[in-house]
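J.: Before I ask anything, let me first share the structure, which is written out below as structure tokens.
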Amino acid sequence: MADSKKRGLRDRRRPSDTLMGHDAWKVFHYMAEFVEGFEKLTPIRPAVSVFGSARTKPGHPHYALAESLGRLLSDAGFAVITGGGPGIMEAANKGAYAGKSPSVGLNIELPHEQHANHYQDVPLSFRHFFARKVMFVKYAAAYVVLPGGFGTLDEMAEILTLLQTGKSRKIPIILVDTKFWRGFLDWMRSEMLRGGMVDEKDFELLTVVDTAKDALQVIRSHYKKHEMEPSEAEADLMAKL
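Here's what the structure looks like:
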């Protein structure tokens, strides 16, 4: 009777043992994505990460704005990093592709919606969101966030959290289109700030503009006061991302 109970316990453990072995081997997949990202992006500096909806169509004002932004940044000497997909990502890559600096796409494999756009000098492909997120942050001199959905909010929240907690060096986070972001920012103040969940100084991490030229000016103004290249302390901080 005791032997049969032990056999039952061993049988119940086998699926989890197999799963643990499978997960352990996946570490090498993760490593491969990080290594390729580090090798391709380390030489590409300075860079600006641009975010926005994958569903924005050519002809929409936001698409035109993102394309203009990509071109301005590229001609100003900034590589442009996007998620590599359609919509705002495509527009920003398209503008950068026509400019002087590299256009970078951090493509992600998704069951729907995402497909790589054709305006990438440096394309990378990721299966895992967390590896891709590190690349957006690690090599960015600024974040520019255009109107978008859950993915856009996720990326914005990621960098805000890193800056708020001191896990990343301070870089400009620029929200484009006052009308789009006003309600969200009002809600943050009325609910999060009033509830003591964030501090007033946290709002200093964000700048809201309405044009591509204004976004570029915010970045230039920031780097008139700060070095473009990370300091030794900042470089050590970024190495731990």
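In terms of our numbering, the sequence shown opens at residue 150 and continues consecutively.
Glycine included, C-beta positions come from ideal geometry on N, C-alpha and C.
A quick note: this is a predicted structure, and the numbers were derived from the prediction, not measured.
Do Gly-226 and His-211 come within 9 Å of each other at the CB atom, strictly closer than that value?
T.: Stepping through the sequence shown from its first residue, residue 211 is reached at position 62. Stepping through the sequence shown from its first residue, residue 226 is reached at position 77. Their beta carbons are not under 9 Å apart, which means His-211 does not touch Gly-226 by this criterion.
J.: Starting from Tyr-212, trace the alpha helix (DSSP H) both ways and give me its first and last residue.
T.: In the sequence shown, counting from the first residue as 1, residue 212 sits at position 63. Looking at the DSSP string, the run of the alpha helix (DSSP H) that includes Tyr-212 is 210 to 224.
J.: In angstroms, rounded to a whole number, what distance separates the CA positions of Leu-354 and Glu-258?
T.: Along the sequence shown, read from residue 1 onward, the residue named residue 354 stands at position 205. Along the sequence shown, read from residue 1 onward, the residue named residue 258 stands at position 109. Going by the C-alpha atoms only, they are around 31 Å apart.
J.: Tell me which residue opens and which closes the alpha helix (DSSP H) that Val-367 is part of.
T.: Taking the sequence shown and counting its residues from 1, one reaches residue 367 at position 218. Per DSSP, Val-367 belongs to the alpha helix (DSSP H) from 361 to 374.
J.: In this structure, how does DSSP classify Lys-155 when only helix, strand and coil are distinguished?
T.: Taking the sequence shown and counting its residues from 1, the one referred to as residue 155 is at position 6. Because the pLDDT of Lys-155 is 47, which lies under 50, any placement of that residue in the model is unreliable, and the question is left without a value.
J.: Which class does Glu-383 belong to by DSSP, given the choice of helix, strand or coil?
T.: Against the sequence shown, residue 383 aligns to sequence position 234. Glu-383 falls in the helix class under three-state DSSP.
J.: Would you check if the segment 287 to 302 and the segment 171 to 184 touch, i.e. whether three or more CB-CB distances between them fall below 8 Å?
T.: Because the criterion of three Cβ pairs below 8 Å is not met, the segment 171 to 184 and the segment 287 to 302 do not touch.
J.: Could you check whether Ala-203 and Ile-230 sit closer than 9 Å to each other, using their CB atoms as the reference points?
T.: For the purposes of this step, residue 230 is identified with residue 81 of the sequence shown, where counting begins at 1. For the purposes of this step, residue 203 is identified with residue 54 of the sequence shown, where counting begins at 1. Cβ distance not < 9 Å, so Ile-230 and Ala-203 don't count as in contact.
J.: Can you check DSSP and say which residues form a bridge with Pro-272?
T.: Reading the sequence shown from its first residue, position 123 is the one you call residue 272. Per DSSP, Gly-254.
J.: Under 9 Å between the Cβ atoms of Ser-122 and Val-283?
T.: It is not possible to answer for residue 122, since the shown part of the chain is limited to 150 through 390.
J.: How should Val-325 be labelled, buried or exposed, when 16 other C-beta atoms within 10 angstroms of its C-beta is the threshold for buried?
T.: To locate residue 325, count along the sequence shown from 1; it is residue 176. The residue in question, Val-325, is buried, as its Cβ has 16 or more Cβ neighbours within 10 Å.
J.: Just verifying my parser: in three-state terms, what is the DSSP assignment at Phe-227?
T.: Residue numbering aside, residue 227 sits at position 78 when the sequence shown is read from its first letter. In the structure shown, Phe-227 sits in coil (DSSP, three-state: anything other than H, G, I, E or B).
J.: Exposed or buried, Leu-273, counting other C-beta atoms within 10 Å across all chains shown (16 or more means buried)?
T.: As a working note, residue 273 is residue 124 in the sequence shown. Looking at its Cβ environment, which holds 16 or more other Cβ atoms inside 10 Å, Leu-273 is buried.
J.: Excluding the five sequence neighbours on either side, which residues of its own chain have a C-beta within less than 6 Å of the C-beta of Ile-368, listed in chain order?
T.: Working through the sequence shown from its first residue, we reach residue 368 at position 219. Once the five neighbours on either side are set aside, the close Cβ partners of Ile-368 are Ala-291 and Pro-321.
J.: Is it buried or exposed for Leu-302, if we count other Cβ within 10 angstroms and need 16 for buried?
T.: Translated into the one-based positions of the sequence shown, residue 302 becomes position 153. Burial call: exposed.
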